[in-house]
Amino acid sequence: MWKKIIINLLMAVLLGMCSLQGIAAAGQASLQKGIASGVIRFHVLADSDAKEAQQVKLQVKDRIVSYLDPLLRDADSAEECRSRIRSHLRVIEEKSRQTLEEQGISCAVSAGLKRAWFPEKTYGDCTFPAGFYEALQIRIGSASGRNWWCVLYPGLCFENSLKGVVTDEGKEKLARVLTEEEMACVMDQGKVKIRFRWFS
C-alpha cells in the first residue's frame, strides 16, 4: 500500500513539473513576441567563415551603422524607424556593395527588412530570447558565414553595445519600448520566471 502511495505521489510531482515547464514555455514565447514587437534588429550575414569574408562583414557593418546613426537616432517609434529604413534601402545596399568593391570583392549583396529567426543572444547583462524578429538584413554572397547583429531600434547599435555591452542609456531606451515584464526577461538572461501567488 505504501508503495502505491509513493508511486502516486511521484507521478503527481512529475505531472506538476511537466505542467510548470509548459507554463514557462508558453510564458517565454509570449514574452519573446512582445520583445520582438518593440525592437528592430540589424543583421549582417557574411558570405562564408573565411577570414576575408568575416573582415569585410565587419567593414560593411561599420559603414552602415555610421550611415544609419544620424538617420535613425531620433526615430520615435519602431514604425518610424521601419519607414526610414525602407526609404533608404537602395542607398544601404549600394554602400554595402561599395565596401566590398573597395576590398576587391565581387559578389552579390542585398538589403531588406526581413522577419528572421535569431538564437538567444547576450549583450553584456542583456539577453534577447530566441525567436523571430524583424531585422534590416544585409546578405553578402551566399550569406552562409557567421553573422553579426545589433538592435537598430531603439538605437542600441549607436551605443557601446557595438563592443558587446548595453549602456545605461541603452537600457533606458529599451525600458521605454518594452513592458516591465519584457524588460525583466531581457535583464534576467532572457528567461521567464514563474511566480506563484499564495492566498491566505
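Taking my numbering, the leading residue of the sequence shown gets 176, the next gets one more, and so forth. Glycine included, each C-beta is placed from N, C-alpha and C at the ideal position.
Tell me the DSSP secondary structure of residue i in three-state form.
i	result
residue 214	coil
residue 235	helix
residue 341	coil
residue 392	Summary: the structure shown does not reach residue 392, with the chain confined to residues 176 through 375, and so no result is reported for it.
residue 220	strand
residue 290	strand
residue 301	strand
residue 258	helix
residue 319	coil
residue 197	Confidence is the limiting factor: at residue 197 the pLDDT is only 42, short of 50, which leaves the residue's position unreliable, though a coordinate-based value still follows. Helix.
residue 285	strand
Could you please give the first and the last residue of the uninterrupted beta strand (DSSP E) stretch that includes residue i?
i	result
residue 312	306-315
residue 325	322-328
Can you say whether residue i is buried or exposed, counting buried as having 16 or more other CB atoms within 10 angstroms of its CB?
i	result
residue 247	buried
residue 226	exposed
residue 354	exposed
residue 212	exposed
residue 317	exposed
residue 119	Past the edges of the chain, shown from 176 to 375, lies residue 119, and the structure says nothing about it.
residue 327	buried
residue 273	exposed
residue 363	exposed
residue 207	buried
residue 324	buried
residue 333	buried
residue 269	exposed
residue 255	exposed
residue 198	Unreliable positioning characterises residue 198 in this predicted model, as indicated by a pLDDT of 37, which lies under 50. The coordinate reading is nonetheless provided below. Result: exposed.
When you compare each of the options to residue i by their alpha carbons, which one comes out closest?
i	options	result
residue 260	361, 349, 216, 355	216
residue 297	229, 354, 331, 233	331
residue 329	302, 227, 345	345
residue 265	242, 316, 251	242
residue 253	323, 293, 209, 299	209
residue 278	244, 300, 232	232
residue 224	347, 350, 322	322
residue 251	349, 306, 293, 358	349
residue 284	357, 292, 221	221
residue 257	305, 311, 358	311
Could you please give the first and the last residue of the uninterrupted alpha helix (DSSP H) stretch that includes residue i?
i	result
residue 274	264-277
residue 359	355-362
With the cut-off set at 8 Å, would you say residue i and residue j are in Cβ contact?
i	j	result
residue 295	residue 303	yes
residue 239	residue 267	yes
residue 315	residue 360	no
residue 219	residue 352	no
residue 320	residue 234	no
residue 299	residue 341	yes
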